[in-house]
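Numbered according to UniProt numbering, the sequence shown spans residues 1 to 260. Cβ coordinates follow ideal geometry from the N, Cα and C atoms, glycine included. Just so we're clear, the structure is a prediction, and the values are computed from it rather than from any experiment. The structure appears right after this line, and notes come after that.
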Amino acid sequence: MNLEPIPTDRLTFRLPQKFEDVADERRHRQERLVAALRLFGRFGFEEGVAGHITARDPEHPDHFWVNPFGMSFKHIRVSDLILVNHEGQVVHGSYHVNQAAFAIHSMVHQARPEVVAAAHSHSVHGKALSSLGVRLEPLTQDACAFYEDHGLFDDYTGVVVDVEEGRRIARALGSYKAVILRNHGLLTVGDSVDAAAWWFITMERSCQAQLLAKAAGPPVRIEHEQAKLTHGQVGNDLVGWINFQPLYDRIVRSDPDLFD
């Protein structure tokens, strides 16, 4: 056996794909969107008809692809996705749009043109932490991805069906990657579906860790300088994309009907 070190340029390291054809890029975003939704279902992020992930269309940036209203995350396919315009009208697909998905996501996509995807669901620990009206603290390395990089929408006015309420949420999000919606849950964004989905998954787990730590006793916070340093290491969208890849591979292998 040859034990000489292998040059690093001969080792595999995946990076986000670049597209020259808009149809190929659209299909790629759709496939990632469906995979993310299946993962949300597997992780128990569903709560009845609540929850949605959107992906901006690469050809028509004021339109977004989203899961249909009332369809389980656990069995959604590419062929089930709907395309919604800036007025909340379905222009492709056979199902209704969740009005809360339109009210929130349309304003987020409008306010943040660099954002490709946004994810929101009523996950248990996100809901629990949101009821306290507090932000995530730098208690763990993973939580540092959100250090000084998430907002708090410190209000609750019922189910969000008005675009003005969506506009207020977008303002609370600001330039951050995430926002905690008080008494409601979490919302994350990214420059890819992969990143937005990963931020939601790891934010939900960070909420769980914070709740557990504070229930056990006074936690030790990571100091400001170290938290900032760690944010720089783990908090950018490329890192979010990379972290999502093992989950994507797993769901594609276990759910071969995803892309029907």
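In this structure, G51 lies away from H125, with their beta-carbon atoms at least 8 Å apart. A direct Cα-to-Cα measurement between I82 and A145 gives close to 31 Å. Scanning the region 68-119 from its first residue to its last, the whole alpha helix (DSSP H) runs of 4-plus residues come out as 99-111. In this structure, G166 lies near A103, with their beta-carbon atoms less than 8 Å apart. Checking the DSSP bridge columns, you'll see T54 partnered with V66, A118. Annotation for L3: no alpha helix (DSSP H) segment contains it, and DSSP assigns it neither H nor E. Just measuring C-alpha positions, the residue of E59, V49, A111, P58 sitting nearest F69 is V49. About 5 Å separates the CB atoms of L187 and V179; that is less than 8 Å, so the two are in contact.
The bridge partners DSSP lists for G190 are A117.
Shortest Cα-Cα distance from H109 to any of H75, R171, S79 involves R171.
Close CB contacts of G235 within its chain, under the 8 Å cut and outside five residues either way in sequence, are with C144, A145, F146, Y147, D149, K177 (chain order). According to the DSSP assignment, H224 belongs to the alpha helix (DSSP H) that extends over 224-234. Cβ neighbours of Q17 within its own chain (closer than 8 Å, five residues either side excluded): H28. Contact annotation: the region 22-38 touches the region 54-72, with at least three C-beta pairs closer than 8 Å. Between G174 and G240 a beta carbon distance of about 18 Å is seen, past the 8 Å cut, so the two are scored as non-contacting. Burial state of R250 is exposed, judged by a 10 Å Cβ sphere holding fewer than 16 other Cβ atoms.
Put simply, the region 77-93 touches the region 61-68. At least three CB pairs are less than 8 Å apart.
When DSSP states are grouped into helix, strand and coil, G48 belongs to the coil group.
If you look at A145, you'll find it isn't in any alpha helix (DSSP H); DSSP assigns it neither H nor E. For T202, same chain residues with a beta-carbon under 6 Å away, outside a window of 5 residues either side, are D142 in chain order. A Cβ-Cβ separation of about 5 Å places F73 in contact with F40 under the 8 Å criterion. DSSP, read as helix, strand or coil, puts F153 in strand. In this structure, L152 sits near R182, with a CB-CB distance shorter than 8 Å. For V124, there is no enclosing beta strand (DSSP E); the residue is part of the alpha helix (DSSP H) that begins and ends at 124-130. In this chain, L181 is not harboured by any alpha helix (DSSP H); it is covered by the beta strand (DSSP E) spanning 178-181.
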